[in-house]
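As you go down the protein sequences, you meet chains A and B in turn. The first sequence: position 247 = 247 (my numbering), numbered continuously. The second sequence: position 266 = 1266 (my numbering), numbered continuously. Don't be surprised by glycine CBs; every beta carbon is placed ideally from N, CA and C. Quick caveat, the model's predicted, so the values are computed rather than measured. Here the structure is laid out as structure tokens; the discussion comes afterwards.
There are 2 protein chains.
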Amino acid sequence: MGPAGRAPSFASLAVGDEVVRGEVADTNGARLARWASESGLRPGPRATVGDDERDIARALRFLLRLAEVVAVIGGLGPTPDDVTREGVARALGLPLAERPELRRALARLYSRRGMELTSAQLRQASLPLGAVPIENRVGTAPGFWLQAPPRAEGGPGRYVIVLPGPPRELAPMEADVRALFRAWFPEVRPPVERRLQVAGYGESLIAERVARALGAGAAAPGLRLAAEYAAAGVTFATYLRAGAVEVRISGPPEAEAAVAQAAQAAEAALAPWVFSHDEPGLAPAIAKAASARRVKVAVAESCTAGLVGAALASVPGASDWFRGGVLAYVDDAKRDLLGVPADVLRSFGAVSAEAAEAMAQGASRALGADLAVSVTCFAGPAGGTPQDPVGTVYLGWADGARTGHVRRVYHGPRDAVRERAAWEALVVLWARLHGLDPEGSAHAARRAAGPS
Amino acid sequence: MGPAGRAPSFASLAVGDEVVRGEVADTNGARLARWASESGLRPGPRATVGDDERDIARALRFLLRLAEVVAVIGGLGPTPDDVTREGVARALGLPLAERPELRRALARLYSRRGMELTSAQLRQASLPLGAVPIENRVGTAPGFWLQAPPRAEGGPGRYVIVLPGPPRELAPMEADVRALFRAWFPEVRPPVERRLQVAGYGESLIAERVARALGAGAAAPGLRLAAEYAAAGVTFATYLRAGAVEVRISGPPEAEAAVAQAAQAAEAALAPWVFSHDEPGLAPAIAKAASARRVKVAVAESCTAGLVGAALASVPGASDWFRGGVLAYVDDAKRDLLGVPADVLRSFGAVSAEAAEAMAQGASRALGADLAVSVTCFAGPAGGTPQDPVGTVYLGWADGARTGHVRRVYHGPRDAVRERAAWEALVVLWARLHGLDPEGSAHAARRAAGPS
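Okay, here's the thing in structure tokens:
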């Protein structure tokens, strides 16, 4: 256990040939580091080894010298290359023992699935002696944790927690893992953090506004916040998250009041574009606003071809407010399904403010929606005009009798342009649901400064 | 140097507080592992440590015990927290020495940028004694490599290669790194590999078919391939990749003929469902087939709400064959925009074979398409019926005068069901473009064995 007042150190070990070969990106290490740091632990080294019992044991012993808690992730399945149980047992000098309650649970699970419980699958019921199982609500192999025995590397009392590798099995264990951290280190208080989810501005402008709101001249390297924040250890950072910007304002456990005050000041500086505190992503915020205001929403997509609709429908219960849309990828479809006048397409082209507004109006009409957004763009690699090069996006909106549009130019490959365009369509929807100009004040400032 | 005939082992160490805290995903380790394995090296352990000189030294010494080549990535910049040079020098017991040619290069670079060359920036000109610089064409800090001196951990002769962390600086060094691997191990030839991209079957059935085609009874653990493959060292593996299954058949450099023969046998066993050799993902294969056959494609999506259309439009030039679609999220839209008869919706419900087929016909009509696919499902978390629980997906197709459907049941959270459904819609499109039954023979076999 960490000395009182010091954050216990945390390390993790990812296991898997496919991770070592670079075929699968290891996102679990970062995820665990987040859970640990939000629980007041101090994330430290991470390692990755292949499905090899000796390598697992060697790496775990190495990490136990460096950290008070080591998470081992992956290699818990029933196939012969899953040897994490054996590697952990070897590192700690413990035998593996079959657990009757785990055997019964596995038997029930396989019988429900109409499958035979083979000896390979039974391996999942064996844990190092003294380990405590952690329920796997999605897959077959339980996780487990144990305290290193006397004479283990790094000294006794260190914690080893072993978790399944597939993210869909690991994610549901978050609450269990956080509860263990709290139980192991009851004296550790997590750092204080407040989050703001912000739409309608670029990340650097948001950082600048927050820096100013907290008393610094600008968001330059080495920036100094106002004395009351600096003295309390308050800092902030911005992250691109789920198509918007997340501002995190944090400080040590005892700085709760200063962090809250700083978050308030930052939110005031960013109003009215803070769409949520903790939940990232505009789609849930749009769902809330549309449900509350009984606004029915529709989309008309050309280059994004479904990215906007798919994002909206990812919110459970979307049918209460999302009616659907039209993917008008070719001009005929824009004309026939959305009623975009043929002479608009002829005179201005399908990628134009005029076409975007007509598309939004058409979607609103065709789907009986109160609010519609449209996207049309030159996603590349070919296409574009001298005025509207590849990367140019027009987003239209129709909102009762009013219509409007915004124009953006993005850089990057085809799918990056399409993704940015879809994110911006969500900003437009959110803004119109709140009676705001979708340009946002920051965009307006950027346009005043010259072409984007 | 590795003994002749054995692949030299490779390990990597990522350095950076932001990586350790989980704020930045470490994609560099996977990238280096790929470069190494494609050069005939054998990727092994990876580790990640924060910006701490002693941790870097400790982890590098640990990895030098395990691998003949260790790449250290990140922490080379001019700021005080960039201490990788110091950590590497400490691990190898070498002093740092300023290199006049690097000092001159830095002075030129900073003067071109109109910036002063401070002592902090000058640190980038110091390398461990005996290191050979690797040019950084994008950033300021050069990479370098060196051979471990006698008495270093792991024994003399091991290689340490140190590279910058920002991917845009690292990526341009790929050719240099590969050239070094070749120069260090001239006798090592990369392994031989053939790939097959397969649709329409589940991963385990594909593994089974390949195992049989290569002379093994089944894809069971410890499987033995036919003698001619086993003797040549041919192996295979399957991966889920971009919504389909990738089969990789590989062997040592001298097994080229055996690998080619095995790939042919596997392809014959999987015909006609091999849609590509090296390019993963069904959308490009659909694009090729639809363009070649001059077939116009449309989609009708309910629960996926754009995922299918967005995948199709990710292929450049999709407007040649993709006309668009209708996102009929609510029943009204299925009736009004797709002409699904009201009594079909009433009698069978919106998630039914009848509705799916009518949706596909409607999309084909509305968008003037030769081939349309539809998706309607209970994505959850609420909904479903006793016969069609949450996770049930109906995919309809309309193809000239013919229509049909397939039914699937997927497990997992809402977005996983939607994603699987969208992948399956691509399988249906690809199958119909090739005159195949979208069930696939494997699905038919699975259905015969009982409910999925």
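Check, Outcome
"To the nearest whole angstrom, what separates the beta carbons of L1094 of chain B and E1086 of chain B, a pair I think is in contact under 8 Å?", "That belief does not hold up - the Cβ atoms of L1094 of chain B and E1086 of chain B are roughly 11 Å apart, past 8 Å."
"Is any beta-carbon of chain B found at less than 8 Å from that of R414 of chain A?", "yes"
"For D332 of chain A, which residues in chain B fall below 9 Å Cβ to Cβ?", "R1323, G1324, L1367, G1368"
"Beta carbon of L1395 of chain B, beta carbon of A1356 of chain B: below 8 Å?", "yes"
"Please identify the residue among B:P1284, B:P1008, B:A1379 whose C-alpha is closest to the C-alpha of P1190 of chain B.", "B:P1008"
"Whole angstroms is fine: what's the gap from R112 of chain A's alpha carbon to V1083 of chain B's?", "55 Å"
"Are any of the Cβ atoms in chain A nearer than 8 Å to that of C1303 of chain B?", "yes"
"Under the rule that 16 or more other beta-carbon atoms within 10 Å means buried, what is P1524 of chain B, buried or exposed?", "Residue numbering for chain B in the displayed model covers 1001 to 1452; residue 1524 of chain B lies beyond these limits and cannot be assessed."
"So, with DSSP's three-state summary, where would you put V151 of chain A?", "According to the sequence displayed, residue 151 of chain A carries Arg and not Val. It is coil, neither helix nor strand."
"Is it right to say T460 of chain A is buried, meaning 16 or more other beta carbons lie within 10 angstroms of its own, or is it exposed?", "The question about residue 460 of chain A has no answer here: the residues shown for chain A are numbered 1 through 452."
"Taking three-plus beta-carbon pairs below 8 Å as touching, is the stretch 193-210 of chain A in contact with the stretch 106-125 of chain A?", "no"
"Measure from the alpha carbon of V1299 of chain B to the alpha carbon of each residue in B:K1288, B:S1276, B:A1287, B:L1371, then state which is nearest.", "B:L1371"
"Following the continuous beta strand (DSSP E) through D1399 of chain B, name the residue where it begins and the one where it ends.", "1392-1399"
"How far does the beta strand (DSSP E) with Q10 of chain A in it reach, from first residue to last?", "This sequence places Phe at residue 10 of chain A; Gln is not what is there. Counting along the chain, the beta strand (DSSP E) containing F10 of chain A begins and ends at 9-15."
"Please name the residue in A:L76, A:M359, A:V427, A:V198 whose C-alpha comes closest to that of V340 of chain A.", "A:M359"
"Can you check whether the C-beta of P1043 of chain B is within less than 8 Å of a C-beta belonging to chain A?", "yes"
"Quick check on DSSP: helix, strand or coil for G450 of chain A?", "Since pLDDT at G450 of chain A reaches only 39, below the 50 mark, its modelled position is unreliable, and the value read off the structure follows with that caveat. Correct three-state label for G450 of chain A: coil."
"With DSSP run on the structure shown, which of helix, strand or coil describes F1275 of chain B?", "strand"
"Between the C-alpha atoms of A183 of chain A and R1158 of chain B, what's the straight-line distance to the nearest angstrom?", "44 Å"
"Which first and last residues belong to the alpha helix (DSSP H) in which V308 of chain A is found?", "307-313"
"What is the rounded straight-line gap between the Cα of E457 of chain A and the Cα of V1390 of chain B?", "With chain A running from 1 to 452 in the structure shown, residue 457 of chain A is simply not present."
"Determine, using beta carbons only, whether G1075 of chain B and V1015 of chain B come nearer to each other than 8 Å.", "yes"
"Alpha carbons only, please: which of B:E1038, B:R1224, B:V1210 is nearest the one belonging to A1271 of chain B?", "B:V1210"
"Would you decide whether M468 of chain A is buried or exposed? Buried here means 16 or more other CB atoms lie within 10 Å of its CB.", "Residue 468 of chain A lies beyond the residue range present for chain A, which begins at 1 and ends at 452; the question has no answer from this structure."
"Between the Cα of R1408 of chain B and the Cα atoms of B:G1050, B:E1228, B:C1377, which residue gives the shortest distance?", "B:C1377"
"Report all residues from its chain with a CB closer than 7 Å to the CB of R224 of chain A; omit the five preceding and five following residues, and keep chain order.", "A216, A230"
"Should A1033 of chain B be labelled buried (16 or more other beta-carbon atoms within 10 Å of its own) or exposed?", "buried"
"Reducing DSSP to helix, strand and coil, say where L196 of chain A ends up.", "strand"
"Against chain A, which members of the stretch 1374-1403 of chain B pass a CB distance test of less than 9 Å?", "A1379, G1380, P1381, A1382"
"Which residue comes first and which comes last in the beta strand (DSSP E) that contains V162 of chain A?", "159-163"
"Can you give me the Cβ contacts of A89 of chain A inside the same chain, cut-off strictly under 6 Å, excluding the 5 residues immediately before and after it?", "L96, P128"
"Okay, do the stretch 410-419 of chain A and the stretch 1306-1315 of chain B touch, 3+ Cβ pairs below 8 Å being the bar?", "yes"
"Determine whether the beta carbon atoms of A509 of chain A and L92 of chain A lie at a separation below 8 Å.", "Since the first and last residues shown for chain A are 1 and 452, residue 509 of chain A lies out of range."
"When you compare only the Cα positions, how much space is there between N1136 of chain B and D1052 of chain B?", "23 Å"
"Going by beta carbon distance, what residues of the same chain come within less than 8 Å of E267 of chain A, once the five residues before and after it are set aside?", "L196, V274"
"Can you list, in chain order, the residues of its chain whose CB lies under 6 Å from that of L426 of chain A, leaving out five sequence neighbours each side?", "L282"
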